[in-house]
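What the sequence shown shows, in our numbering, is residues -10 to 196, in sequence order.
This report concerns only the one structure given below.
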Amino acid sequence: MFTLTTKPWVTVLTDVWVKFMSEPEVSQTFGSPPIKSSDLNSKFKYELAETMGSEKILHCLQCGTCTSDCPIARYSNNYRPRTLIHMAILGLKDHILNNDAIWLCATCFTCTDRCPQNIDVANVIRVFRNIAIENGCMHPIFKEQIKTLLETGYTYKIPDIRIKKRSEQGLPPLPTCNIENIQKILKNTKFIKQIQNTPGATTNDNQ
Ligand code: SF4
Ligand code: SF4
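Shown next, in the form of structure tokens:
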């Protein structure tokens, strides 16, 4: 006789997803280690639902619009906003925080504009990054950018050759930054203190 399973459908879907993500080829594609059931943190989605920027995460239908319109997903095999949101809802907190993909978002807000559920996807990714930093995870490229910002006022060090070329072509000098003010803002907003807690932080105590 046919009997219906007593497992709630969410548990069934979670089992299927965890099995799928654990396949070596799949975990390699998403740039994260294989997933175990013990990795699931059921409270994570509720933490996100109470955090400014990711309040509507539980409304996600997994329609895939965010990924299909994302300019970064077009060029990267590792970056899929829909997948990151699904992982968050499943409770794969550590897999998200240690995933280099969260640092790929260009914050262009295309996903936010197009999500049919009005989820602010770009800000959800920002929330992932903030939580990652609070937990001591930060991509080395961002650490370098902060170091350059504190030293020059720009996140990108403009090479001397470009400055020389501008002057040869009669272009005005680039605007200078008030580095002291930038350092003050980053210090007063506790940003510097926060990143000092991440491994390999590049700032020093007197900044
Ligand atoms: S567009 Fe919105 S509802 Fe669709 S998968 Fe992305 S976040 Fe979820
Ligand atoms: S904000 Fe980020 S996730 Fe959204 S479309 Fe732009 S690059 Fe993709």
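Where is the CB? At the ideal position from N, CA and C, for every residue including glycine.
Quantities reported herein were computed from a predicted structural model and do not represent experimental measurements.
Can you tell me whether DSSP reads residue i as helix, strand or coil?
| i | result |
| --- | --- |
| residue 14 | The predicted position of residue 14 is uncertain, since its pLDDT is 48 and thus under 50; no value can be drawn from it. |
| residue 144 | coil |
| residue 30 | coil |
| residue 95 | coil |
| residue 55 | helix |
| residue 184 | helix |
| residue 44 | coil |
Would you check if the distance between the CB atom of residue i and the CB atom of residue j is smaller than 7 Å?
| i | j | result |
| --- | --- | --- |
| residue 65 | residue 86 | no |
| residue 96 | residue 58 | no |
| residue 124 | residue 42 | no |
| residue 108 | residue 45 | yes |
Around the Cβ of residue i, are there at least 16 other Cβ atoms within 10 angstroms (buried) or fewer (exposed)?
| i | result |
| --- | --- |
| residue 70 | buried |
| residue 145 | exposed |
| residue 14 | Interpretation of residue 14 is limited by its pLDDT of 48, a score under 50 that renders its predicted location unreliable; the figure taken from the coordinates is listed afterwards. It is exposed - the Cβ of residue 14 has fewer than 16 other Cβ atoms within 10 Å. |
| residue 88 | buried |
| residue 165 | exposed |
| residue 102 | exposed |
Taking only heavy atoms of ligand 4 into account, decide whether any of them is closer than 6 Å to the Cβ of residue i.
| i | result |
| --- | --- |
| residue 129 | Of the ligands one can find in the structure shown, namely ligand 1 and ligand 2, none is ligand 4. |
For the 8 Å Cβ check, are there 3 or more pairs between the segment 30 to 42 and the segment 68 to 84?
Enough Cβ pairs lie closer than 8 Å, so yes.
Would you be able to state if there are at least three C-beta pairs under 8 Å between the segment 151 to 159 and the segment 106 to 120?
They do not touch, by the three-pair rule.
If we count Cβ pairs, one from each stretch, closer than 8 Å, do we get three or more for the segment 129 to 140 versus the segment 166 to 174?
With the cut-off at 8 Å, the segment 129 to 140 and the segment 166 to 174 touch.
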